[in-house]
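For the sequence shown, the residue numbers in full-length UniProt numbering are 1 to 644. What follows is a set of notes on a single structure, which appears directly below.
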Amino acid sequence: MGADSNLHVLDAGVVRPSDILPAHSLPFTFFDVRWLRRPPVQRLFLYRLEHHHHHTVQQLILGLKASLSKALTLFYPLAGHVRLAPNTNRYELFYQPGDGVAFTVAEYDTDVDDLARSSDGEPVQVASLAPLVPTLPNGRAVLALQATGLLGGRGLALGVTMHHSAGDGASSTHFLHTWAAVCNGAVEMPPPPVIDRTLIADPRGLYDIYCKEMPTDDGEIELVTSSVSSVPDDQLVATFTLPQELLSGIKDTLARDAARHAAPPLRCSSMLAAYSFIWSCYCRAQQEQNQTKTTYFLFAVDHRARLKPPVPATYFGNCINPAVAAARHDELAAAGTGGLFTAFMAIASALEEEVGERSHERWDGCIERARGAMKAGAMFVVGSPRFRVYDINFGFGRPAKVVAVSAAKTGTMPMADAPNGVAGIETQCLKPKLCFICKSPSHQVDVCPVRKRPHQVAKYIGSVATGLGVYHLDVAGLGQNAIGTLKNVVVVYVEVGELSKEGLAKEFFDIYKTTRPWQIRQLDDWSFLVKFPPPISVVQGVVTASGNFVWEDGLDHSSVIPMEDQDKEVTRFLFTEMQASIEDLDADLVQVTIDQEDNGCNDLTTELDDFGADLPKDIMPEYEKPDDASMFKDFQKITQPGVN
């Protein structure tokens, strides 16, 4: 559990199975043992408690504990710990009477709405979510839980940390669905788990192959207790929903492309369509120098129904293998539908290899293949909409948001069912906190080399300033026609201090002494889209500048506060382009916004909102709804010179 001054731990206890159970050992199979060195899976379920008061949150938590005790009677291995079986080199899950699951109760001084952002693509800092999921206690425990009341009693966060060696996603969510059903008093309970490791045969000795580099001394092995973060704490994470209409359109497009290539009819599920779409978008968004390099895509395949003989769907444990797809970067990033079709064919081929008649003969090398792909920078997709995480209802409603916190820390991309009962697939991706001057994730603005270079005073071209302070936009040589509908519009960045949309409007009223309405839309926590009201023009209001604007060239300008003046809090305004481009997948598909400079973490399906769409009409009488299509064309001309 990450340290955070807003988190207050109220209780740290243990919940044990409600029935007295005998000691039991559950041997690891080759599917299980490969996960011993891996970090646990951490999920966060955020619930809104619209009709509950603060004092009832503790009652809800008491209900969670009581129902957990009953659920653990069925899933008793989760109350145990990993050990080497006595006098062997074989690992097992061992439960004995008195064992239980660590259960933390806490309060968090953050509102549920700040964590469970409802709109697609609205980012949240990973650091604000990390304190809400627990770490595994020492002693090789495989499950830890944390229930956290959120600010004002308006929300409840349930953090679940489970070590992958105990079970895969199907097993862990089977446990959560059972726990929720007990808690909400469901009439029909999920089927009980099948806890029988003898169902997994190992004629090829895969356990020993996978375990050959593992230590055999019981004192040398300790489970990783938390997701090892390979990204900074200020990393942003956002979720996106791929609606069923989009997935159906992708499948139709792939079918037409297959016909054009004289390929056999495709068997394309919604998951394969989503995989193909995400992989091709990811490659388009990357700025890869070696366009012909091989790019890899990893995804998990459940083998419960594919083993011979098959094992029950409710088998408790691990029963998944990684499939590895490979294709050239330039072919995946091809314009139009070419990249999408390349991605699908590579993924379909990898799936066929993994589930084919003789696929088990390749399993002895699966770890090496996956490790090699990851070293090459593979995209790794985890999870499945089949787990129905948004149906996990403990009696106080469905989750408002489910976040795979471990995926946010390690950079993998989870897939889940869509929230609110919507048909579709939800995915999650990271957005690095970039230097807003040069967009680099490797440093922040104070050490930016672009900022340190000398810059000319800004000059006015059409409706856009270029030169001073405009580090992402090159409009040199572009005429007025290239600017189009971006009349008197700028993007304002708040570099120092905090400023709300209302505060920014007040600043502008004070600076320009005008009573005309300012059309302002907040883009994120530190940038705003601003349309100057007539008669003030951008060239008048920005290039000539007011005393509250701080130039970034370090030169001496009249009526400008010097950068070295630290006696008063200064809000600096920089201007940048709107980063947007359109990839037209097919005439029948919706247009998809691809952020060409987002390092693979692009907004997959977001559209530009209208300026001031959320402002009252009476304070923006002159607002005219822009033509989104023409605006996107203008942005494309600006961000990609030469595009018609």
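Every residue gets a Cβ at the ideal spot worked out from N, C-alpha and C, and that includes glycine. As the structure is a prediction and not an experimental result, all values here were calculated from the model.
Spatial neighbours of residue i within its chain, please: CB distance less than 7 Å, with the 5 preceding and 5 following residues excluded, ordered by chain position.
i, result
"residue 645", "This structure gives no information on residue 645, because the portion of the chain shown stretches from 1 to 644."
"Lys568", "For Lys568, the predicted structure reports a pLDDT of 26, less than 50, and the residue's modelled location is therefore unreliable. A value from the coordinates is still provided. Cβ neighbours of Lys568 beyond the five flanking positions: none."
"Leu150", "Tyr108, Thr110, Asp111, Val112, Leu156 and Ala157"
"Leu7", "Ala106, Tyr108 and Pro131"
"Cys211", "Val33"
Only counting the same chain, and skipping five residues up and downstream in sequence, which positions put a Cβ closer than 8 Å to that of residue i?
i, result
"Asp114", "Val124 and Ser128"
"Arg90", "Pro27, Phe28, Leu84 and Tyr207"
So if DSSP puts residue i in a beta bridge, which residue, or which two residues, is it bridged to?
i, result
"His8", "Glu107"
"Val382", "Pro414"
"Tyr207", "DSSP lists no partner for Tyr207."
"Leu26", "Leu93"
"Asp302", "Ile320"
"Phe243", "Strictly speaking, residue 243 in this sequence is Pro, with Phe absent from that position. According to DSSP, which records beta bridges pairwise, Pro243 is partnered with Gly424."
"Leu84", "Tyr91"
"Leu156", "Tyr47 and Gly149"
"Thr161", "Gln42 and Ala144"
"Tyr296", "Ala326"
"Tyr282", "Bridge partners of Tyr282: none, in fact."
"Val402", "Phe45"
"Tyr76", "Looking at the DSSP assignment, Tyr76 forms no beta bridge with any residue, so it has no partner."
"Tyr390", "Answer by DSSP bridge pairing: none, since Tyr390 is not bridged."
"Val57", "According to DSSP, Val57 bridges with nothing at all."
Looking only at its own chain, which residues have a Cβ that is under 6 Å from the Cβ of residue i, when we skip the five neighbours before and after it?
i, result
"Thr148", "Ala106, Tyr108, Leu132 and Ala157"
"Arg48", "Val112, Gly155 and Ala400"
"Arg16", "Gly100"
"Phe297", "Trp279, Ala325 and Met379"
"Lys293", "His329"
"Ser226", "Thr135"
Thinking C-beta only, is residue j closer than 9 Å to residue i?
i, j, result
"Tyr282", "Met379", "yes"
"Glu246", "Gly424", "According to the sequence provided, residue 246 is Leu. The question's Glu does not apply to it. Their beta carbons are under 9 Å apart, which means Leu246 touches Gly424 by this criterion."
"Val174", "Phe31", "According to the sequence provided, residue 174 is His. The question's Val does not apply to it. The answer is no: Cβ separation not under 9 Å."
"Ile500", "Gln522", "Residue 500 is actually Ser in this sequence, not Ile. Going by C-beta atoms, Ser500 is nearer than 9 Å to Gln522."
"Ile278", "Asp302", "no"
"Ala404", "Gln96", "no"
"Thr73", "Leu242", "no"
"Ala102", "Ala71", "no"
"Leu340", "Ile250", "yes"
"Thr161", "Pro134", "yes"
"Leu266", "Ala255", "yes"
"Phe75", "Ala23", "no"
"Val126", "His163", "no"
"Thr412", "Val382", "yes"
"Ala370", "Pro414", "no"
"Ala407", "Gln235", "no"
"Gly153", "Gly395", "no"
"Cys429", "Phe240", "yes"
How many angstroms separate the CA atom of residue i from the CA atom of residue j?
i, j, result
"Ser18", "Ala66", "8 Å"
"Pro385", "Asn393", "16 Å"
"Gln579", "Ser270", "Low per-residue confidence applies at Gln579: pLDDT is 24, beneath 50, and the placement is therefore not dependable, though the value from the model is reported in the following sentence. Approximately 29 Å, taken between the alpha carbons."
"Thr88", "Arg388", "39 Å"
"Asp208", "His81", "21 Å"
"Glu597", "Ala238", "With a pLDDT of 29 at Glu597, under the threshold of 50, the predicted position of this residue should be treated as unreliable, though the coordinate-derived value follows. Taking the straight line joining both Cα atoms gives about 16 Å."
"Pro77", "Ala166", "8 Å"
"Ala170", "Ala313", "9 Å"
"Gly377", "Thr295", "8 Å"
"Leu10", "Thr104", "8 Å"
"Ala180", "Val402", "15 Å"
"Ile461", "Phe509", "With a pLDDT of only 33 at Ile461, under 50, the local geometry of the prediction cannot be trusted, and the value read off the model is given with reservation. Their Cα atoms are separated by approximately 25 Å."
"Glu354", "His360", "8 Å"
"Thr198", "Pro309", "12 Å"
"Thr410", "Pro535", "51 Å"
"Pro137", "Ala335", "49 Å"
"residue 685", "Gly159", "Because the chain in this structure spans residues 1 to 644, residue 685 falls outside the shown range and cannot be described."
"Ser276", "Asp257", "13 Å"
"Arg204", "Arg304", "18 Å"
"Gly421", "Gly397", "12 Å"
"Ile347", "Leu272", "7 Å"
"Ala629", "Pro40", "Annotation note: pLDDT 39 at Ala629 (below 50); position unreliable, coordinate value reported separately. Each residue's alpha carbon lies about 45 Å from the other."
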